[in-house]
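Reading through the structure tokens given below for one structure.
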Amino acid sequence: MGAEMNAIDVHGLVKRFGEKTVVNQVSMSVKTGEIVGFLGPNGSGKTTTIRIMCGLLTPDEGDGTVLGFDLRTEALKIKREVGYMTQRFSFYEDLTIAENLAFVARLYQLRPVDAYVTRTLDDLGLSSRRNQLAGTLSGGWKQRLALAACIMHKPKLLLLDEPTAGVDPKARRDFWDEIHRLAADGLTVLVSTHYMDEAERCHRISYISYGTMLATGSVADVVRDAGLVTYVIEGPGLERLAGELRGRPGVEQVAPFGATLHVVGSDPAALKAALADVEKRDGMTIARGETSLEDVFIQFMANATDNMQ
Ligand SMILES: Nc1ncnc2c1ncn2[C@@H]1O[C@H](COP(=O)(O)OP(=O)(O)O)[C@@H](O)[C@H]1O
Ligand SMILES: [Mg+2]
Numbered sequence: 000m001g002a003e004m005n006a007i008d009v010h011g012l013v014k015r016f017g018e019k020t021v022v023n024q025v026s027m028s029v030k031t032g033e034i035v036g037f038l039g040p041n042g043s044g045k046t047t048t049i050r051i052m053c054g055l056l057t058p059d060e061g062d063g064t065v066l067g068f069d070l071r072t073e074a075l076k077i078k079r080e081v082g083y084m085t086q087r088f089s090f091y092e093d094l095t096i097a098e099n100l101a102f103v104a105r106l107y108q109l110r111p112v113d114a115y116v117t118r119t120l121d122d123l124g125l126s127s128r129r130n131q132l133a134g135t136l137s138g139g140w141k142q143r144l145a146l147a148a149c150i151m152h153k154p155k156l157l158l159l160d161e162p163t164a165g166v167d168p169k170a171r172r173d174f175w176d177e178i179h180r181l182a183a184d185g186l187t188v189l190v191s192t193h194y195m196d197e198a199e200r201c202h203r204i205s206y207i208s209y210g211t212m213l214a215t216g217s218v219a220d221v222v223r224d225a226g227l228v229t230y231v232i233e234g235p236g237l238e239r240l241a242g243e244l245r246g247r248p249g250v251e252q253v254a255p256f257g258a259t260l261h262v263v264g265s266d267p268a269a270l271k272a273a274l275a276d277v278e279k280r281d282g283m284t285i286a287r288g289e290t291s292l293e294d295v296f297i298q299f300m301a302n303a304t305d306n307m308q
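Right under this line is the structure:
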């Protein structure tokens with residue numbers, strides 16, 4: 000496999016469950032060593048797309064390669080070289096950390112089992128807890144064990160499905176440090192998440208909405224391409240002002256942020272006109288602010304809801 004080859008290169012993926020198209024013409028390219036975030040509302044097809052990419056589901060349409068292997072004809076080879084962390088990972092709660100990993104090592108036929116387990120425990124800083132029962136671990140340690148289990152067979156690509164859901168901020172930070180360390184060693188990572196701060200730790204992100212890929216690029220690209228204008232308002236009675244502004248032409252989002260109000264729109268002239276009288280009020284200041292990734296995602300979601308009506 001050439002160094003220039005993408006770890007993931009898929010085109011026009013379609014997956015239907017019965018009458019429902021849950022993945023609709025999805026294409027994605029991920030370079031080797033890249034960390035790509037996969038975002039979008041619940042039920043948008045992230046898990047389904049990930050399962051297609053690791054060879055667990057066959058697409059109804061579309062094709063492509065994962066780690067250079069054909070998605071349709073070489074699923075077995077893909078499965079062997081991919082580490083897949085499922086959305087709701089589970090262990091044998093009455094086995095220790097080391098016993099759980101030994102079980103996984105045997106599944107992958109890794110030999111000698113003990114050597115693989117010990118090395119993996121060391122790599123992920125789990126050695127001191129090797130004899131602790133998995134069922135007694137905190138969320139953060141369970142997640143670390145799940146990561147250990149899916150990198151033990153030395154995969155080239157990690158597909159992580161909401162790996163940090165329900166994990167505390169410190170554990171999430173540690174987890175992301177680990178992801179970057181693995182990527183620096185050449186591992187490619189596709190990770191689905193709902194967290195904005197995690198999206199910002201990815202080299203690139205892809206946003207999918209109810210089966211359709213809406214945006215792909217760096218966080219800066221995605222924010223810029225969304226073409227939104229944001230104003231930040233400070234002053235008295237913001238709560239009341241928020242109610243006043245909602246529904247005005249040109250005002251698409253109104254959200255309190257601490258002691259300020261963020262007002263967002265996609266038509267700069269209309270938004271400016273909507274805020275013209277506010278600027279003249281006593282004690283009010285209005286300034287152009289930076290549009291955040293969250294603003295962009297809220298906009299995507301609002302538009303998707305409109306389209307479905
Ligand atoms: N095996 C299945 N059979 C029928 N519908 C499914 C199946 N798996 C997922 N779906 C549906 O497909 C849509 C996308 O689901 P999913 O890929 O899990 O989205 P996400 O991971 O973005 O939340 C949802 O509407 C879900 O109910
Ligand atoms: Mg999912």
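The letter at position 133 of the sequence shown is residue 132 when you use numbering that gives the first Met the number 0, and the numbering goes up by one with no holes.
Cβ atoms here follow ideal geometry from the backbone N, Cα and C, with glycine treated the same way.
All values derive from a computational prediction rather than experimental measurement.
Can you say whether residue i is buried or exposed, counting buried as having 16 or more other CB atoms within 10 angstroms of its CB?
i: glycine 1; result: For glycine 1, the predicted structure reports a pLDDT of 47, less than 50, and the residue's modelled location is therefore unreliable. The matter cannot be settled from this model.
i: tyrosine 91; result: exposed
i: threonine 48; result: buried
i: glutamate 197; result: buried
i: leucine 186; result: buried
i: glutamine 108; result: exposed
i: valine 262; result: buried
i: aspartate 44; result: Residue 44 is actually glycine in this sequence, not aspartate. Buried: at least 16 other Cβ atoms inside 10 Å.
i: phenylalanine 16; result: exposed
i: arginine 287; result: exposed
i: threonine 31; result: buried
Mind checking whether the beta-carbon of residue i lies closer than 7 Å to any heavy atom of ligand 1?
i: threonine 64; result: no
i: threonine 46; result: yes
i: valine 21; result: yes
i: phenylalanine 299; result: no
i: serine 205; result: no
i: glycine 42; result: yes
i: phenylalanine 296; result: no
Which residue's Cα is closest to the Cα of residue i: the options?
i: aspartate 176; options: His193, Arg143, Met195, Ile96; result: Arg143
i: leucine 66; options: Val21, Val188, Ser89; result: Val188
i: alanine 147; options: Gly246, Met4, Tyr115; result: Tyr115
i: serine 26; options: Arg110, Leu159, Lys271, Thr211; result: Thr211
i: glycine 249; options: Arg105, Asp276, Met283, Ala269; result: Ala269
i: aspartate 121; options: Asp8, Met151, Ala273; result: Met151
i: isoleucine 191; options: Gly82, Cys201, Asp160, Ala241; result: Correcting the residue type first, residue 191 is serine in the shown sequence and not isoleucine. Closest option to serine 191, Cα to Cα, is Asp160.
i: asparagine 99; options: Arg87, Thr117, Leu274, Val295; result: Thr117
i: methionine 4; options: Gly242, Glu289, Thr64; result: Thr64
i: valine 29; options: His10, Ala6, Thr290; result: Ala6
i: aspartate 8; options: Thr290, Met84, Arg71, Thr46; result: Arg71
i: threonine 119; options: Gln131, Val103, Gly134, Ala133; result: Val103
i: cysteine 201; options: Gly82, Ile207, Val218; result: Val218
i: alanine 303; options: Gln86, Met84, Val81, Tyr206; result: Tyr206
i: glutamate 73; options: Leu157, Asp62, Leu123; result: Asp62
i: glycine 36; options: Leu157, Thr57, Met300; result: Leu157
Is any non-hydrogen atom of ligand 2 found closer than 7 Å to the C-beta of residue i, if you look at the structure I gave you?
i: aspartate 173; result: no
i: glutamine 86; result: yes
i: glutamate 161; result: yes
Since residue i contacts residue j with CB under 8 Å, what's their CB separation in whole angstroms?
i: glutamine 298; j: glutamate 238; result: Going by Cβ atoms, the distance from glutamine 298 to glutamate 238 rounds to 23 Å, so no, they are not a contact pair.
i: leucine 12; j: valine 22; result: 5 Å
i: leucine 94; j: alanine 133; result: 6 Å
How long is the line joining the alpha carbons of residue i and residue j, rounded to whole angstroms?
i: alanine 254; j: methionine 52; result: 37 Å
i: isoleucine 285; j: alanine 258; result: 13 Å
i: alanine 170; j: glycine 138; result: 8 Å
i: arginine 50; j: asparagine 41; result: 16 Å
i: tyrosine 230; j: leucine 55; result: 46 Å
i: histidine 179; j: glutamate 243; result: 45 Å
i: leucine 213; j: glycine 165; result: 27 Å
i: serine 127; j: tryptophan 140; result: 12 Å
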